[in-house]
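Student: The sequence shown lines up with residues -29 to -1, 1 to 277 when you count with mature numbering (1 follows the signal peptide of the UniProt record, and there is no 0).
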Amino acid sequence: MRKKTIKLAVIVSASVWLGVLGIPAATYASGVQPAAEAILNTPEASDSHDELTLKGKAQFDGNYIKLNLSREGTLYSGNFAGITLNAKGKPYIAEGTIVDIDAKITQPGGIELMFPRWSKDGDINKAVVVLPIGWLNEEQKAGLAAASEISVNVKLQGVQEPYVLKLPFKQEGVVRNIQPPAPKADSQFQIGTTRIAAGEGSVRIELAVKGVPEQAHHIGYDIYDNLGNELDMIARDSKPYTRDTIKDTIFEDLLYGAVRPDAEFLIIRPYQAVFEKGNQGLYKLDAKGNVIKNYYKQLEIKIPLK
């Protein structure tokens, strides 16, 4: 088998990503696997070499692209996605584990899909990949609706050649844009919703958060429907505005799992996670192992759905 060394830095793990964003890992743990989603009957594609077969299918609900990947073969026993623990309980990147993913819309071409995130999908030989589209410009987003194929190159630890999957691709369902409510403010921050888009398998919410950027960047967001169901986070992107007119404003692009059809409204509950010491390091946990959070009651936002 042909091999080469691949730096661990290319691996986008949930723990590293959340550490950069300041989001509690316990909050995000189920985020890449939405609890409620549409069943999309898209065809499967595969590629085989080095005594291994990779299979995959692509789903797109207008808010993000989701790839379901599987690994078939008897060579590797470590996790297909994420770290594997050795006999002493120490983590390592096993051979046959995903270390990089490149994705591009090929029909029509020209759209590179950046910032892939992947995680284990309940089985050591399965992975789910999230390809966010919030960073695309409006012309590129419009082009996705006409796309028919996505090309995905998957690189595995210990395997020289990538696996190439040509996946049939089309948008399922219609994205419904919801009127943003009025912003909320307290003595520290002002949070406004600039866009709300509900797709078949997700809801995307864009926020403009005014305040000290270093503090605003560490605000977390829990979202519930009026029935008491918490939406699972799929992805979060955060960046500061650079235009002078909106200085000291952070832009948040939040992607959550599908909203129940019988839900009448959503509630965004901003919070600050509590650290064990100071304003960084390990998060403080309660007796059940959950991250302790201080909620900003004045900043809660209600989003009518009907």
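Every residue gets a Cβ at the ideal spot worked out from N, C-alpha and C, and that includes glycine.
Give me the Cα-Cα distance between residue 147 and residue 237, rounded to the nearest whole angstrom.
Tutor: As a working mapping, residue 147 is identified with position 176 in the sequence shown. As a working mapping, residue 237 is identified with position 266 in the sequence shown. Near 15 Å, if we compare the C-alpha coordinates of residue 237 and residue 147.
Student: Do you know offhand how far residue 140's Cα is from residue 257's?
Tutor: Start at 1 with the first residue of the sequence shown, and residue 140 comes out as number 169. Start at 1 with the first residue of the sequence shown, and residue 257 comes out as number 286. Going by the C-alpha atoms only, they are around 44 Å apart.
Student: Between residue 206 and residue 101, is the Cβ-Cβ spacing less than 8 Å?
Tutor: Along the sequence shown, one-based indexing puts residue 206 at 235. Along the sequence shown, one-based indexing puts residue 101 at 130. Yes; because the gap between Cβ atoms is below 8 Å, this pair is in contact.
Student: Would you decide whether residue 68 is buried or exposed? Buried here means 16 or more other CB atoms lie within 10 Å of its CB.
Tutor: What you label residue 68 is simply residue 97 of the sequence shown in a count that begins at 1. So residue 68 ends up on the buried side.
Student: Which residue's Cα is closest to the Cα of residue 208: 199, 195, 178 and 113?
Tutor: Locating residue 208 in the sequence shown gives position 237, counting from the first residue. Closest option to residue 208, Cα to Cα, is 178.
Student: Roughly how many angstroms separate the alpha carbons of residue 105 and residue 70, rounded to a whole number?
Tutor: Position 134 of the sequence shown holds residue 105. Position 99 of the sequence shown holds residue 70. If you take the alpha carbons of residue 105 and residue 70, they lie about 23 Å apart.
Student: Looking only at its chain, what residues have a beta carbon closer than 8 Å to the beta carbon of residue -21, apart from the 5 residues adjacent to it on each side?
Tutor: Numbered from 1 along the sequence shown, position 9 holds the residue referred to as residue -21. Residue placement at residue -21 is flagged as unreliable, the pLDDT there being 30, under the threshold of 50; the coordinate-derived value follows with that caveat. Counting only Cβ-Cβ distances below 8 Å, and skipping sequence neighbours, we find nothing.
Student: For residue 154, which three-state DSSP category applies?
Tutor: For the purposes of this step, residue 154 is taken as residue 183 along the sequence shown, with counting starting at 1. Note: residue 154 maps to coil in three-state DSSP.
Student: Could you tell me the boundaries of the alpha helix (DSSP H) in which residue 184 lies?
Tutor: Translated into positions along the sequence shown, residue 184 becomes position 213. Looking at the DSSP string, the run of the alpha helix (DSSP H) that includes residue 184 is 184 to 187.
Student: If we ignore side chains and look at the alpha-carbon of each, how far apart do residue 57 and residue 25 end up?
Tutor: Position 86 of the sequence shown, counting from 1, holds the residue named residue 57. Position 54 of the sequence shown, counting from 1, holds the residue named residue 25. In a straight line, the C-alpha of residue 57 is about 24 Å away from that of residue 25.
Student: Find the nearest neighbour of residue 43 within the set 27, 33, 53 and 55, judged by alpha-carbon distance.
Tutor: For the purposes of this step, residue 43 is identified with residue 72 of the sequence shown, where counting begins at 1. Residue 43 has its Cα closest to that of 27, out of 27, 33, 53 and 55.
Student: State the beta-bridge partners of residue 180 as determined by DSSP.
Tutor: As a first step, residue 180 must be located in the sequence shown, where it is residue number 209. In the DSSP output, where bridge partners are listed per residue, residue 180 has 162 and 221.
Student: If you drop the 5 nearest sequence neighbours on each side, which residues of the same chain put their C-beta closer than 6 Å to that of residue 243?
Tutor: Counting from 1 along the sequence shown, the entry for residue 243 is found at position 272. So the list reads 265, once near-sequence residues are dropped.
Student: Beta carbon of residue 46, beta carbon of residue 76: below 8 Å?
Tutor: On the sequence shown, position 75 is the one that residue 46 refers to. On the sequence shown, position 105 is the one that residue 76 refers to. No, these two residues do not count as a Cβ contact at 8 Å.
Student: Quick one: residues in its chain with C-beta nearer than 8 Å to the C-beta of residue 62, no 5 flanking neighbours on either side, listed in chain order?
Tutor: Here residue 62 corresponds to residue number 91 of the sequence shown, with the count starting at 1. Once the five neighbours on either side are set aside, the close Cβ partners of residue 62 are 54, 55 and 56.
Student: What is the residue span of the beta strand (DSSP E) that residue 172 lies within?
Tutor: For the purposes of this step, residue 172 is identified with residue 201 of the sequence shown, where counting begins at 1. Element bounds for residue 172: n/a, residue is neither H nor E.
Student: Take every Cβ of the stretch 216 to 225, pair it with every Cβ of the stretch 247 to 261, and state whether three or more of those distances are shorter than 8 Å.
Tutor: They do not touch, by the three-pair rule.
Student: Output yes or no for whether 8 Å exceeds the beta carbon distance between residue 51 and residue 112.
Tutor: Along the sequence shown, one-based indexing puts residue 51 at 80. Along the sequence shown, one-based indexing puts residue 112 at 141. Not a contact, by the Cβ cut-off of 8 Å.
Student: Out of 119, 272, 263 and 64, point me to the one whose CA is closest to residue 142's CA.
Tutor: Taking the sequence shown and counting its residues from 1, one reaches residue 142 at position 171. Selected option, being the one with the closest Cα: 119.
Student: Buried or exposed: where does residue 278 fall if 16 or more other Cβ atoms within 10 Å of its Cβ makes it buried?
Tutor: In the structure displayed, the chain extends from -29 to 277; residue 278 sits before or after that span and is not available.
Student: Which residues in the same chain have their Cβ closer than 8 Å to the Cβ of residue 82, if we skip the five residues on either side of it in sequence?
Tutor: As a position in the sequence shown, residue 82 is number 111, starting the count at 1. Result list for residue 82: 75, 76, 107, 111, 114, 115 and 118, in chain order.
Student: So is residue 153 buried or exposed if we call it buried at 16+ other beta carbons inside 10 Å?
Tutor: Working through the sequence shown from its first residue, we reach residue 153 at position 182. Exposed: under 16 other Cβ atoms inside 10 Å.
Student: My parser needs the alpha helix (DSSP H) runs of 4 or more residues fully inside the stretch 71 to 156; what are they?
Tutor: 109 to 115, all fully within the stretch 71 to 156.
Student: Have a look at residue 197 and residue 234 and give me their C-alpha separation to the nearest angstrom.
Tutor: As a position in the sequence shown, residue 197 is number 226, starting the count at 1. As a position in the sequence shown, residue 234 is number 263, starting the count at 1. When rounded, the distance between both Cα atoms is 6 Å.
Student: May I ask you to list the residues that DSSP assigns as paired with residue 43?
Tutor: Stepping through the sequence shown from its first residue, residue 43 is reached at position 72. BP columns for residue 43 point to 24.
Student: In angstroms, rounded to a whole number, what distance separates the CA positions of residue 170 and residue 85?
Tutor: Position 199 of the sequence shown, counting from 1, holds the residue named residue 170. Position 114 of the sequence shown, counting from 1, holds the residue named residue 85. Going by the C-alpha atoms only, they are around 21 Å apart.
Student: Pick helix, strand or coil for residue 242, following the three-state DSSP scheme.
Tutor: As a working note, residue 242 is residue 271 in the sequence shown. Looking at residue 242 - three-state DSSP - the assignment turns out to be strand.
Student: What is the DSSP secondary structure of residue -9, counted as helix, strand or coil?
Tutor: Residue numbering aside, residue -9 sits at position 21 when the sequence shown is read from its first letter. With a pLDDT of only 36 at residue -9, under the threshold of 50, the placement of this residue in the model should not be trusted; the figure read from the coordinates follows. Note: residue -9 maps to helix in three-state DSSP.
Student: When you compare each of 182, 186, 183 and 172 to residue 204 by their alpha carbons, which one comes out closest?
Tutor: Counting from one through the sequence shown, the residue named residue 204 turns up at place 233. Minimum Cα distance to residue 204 is reached at 172.
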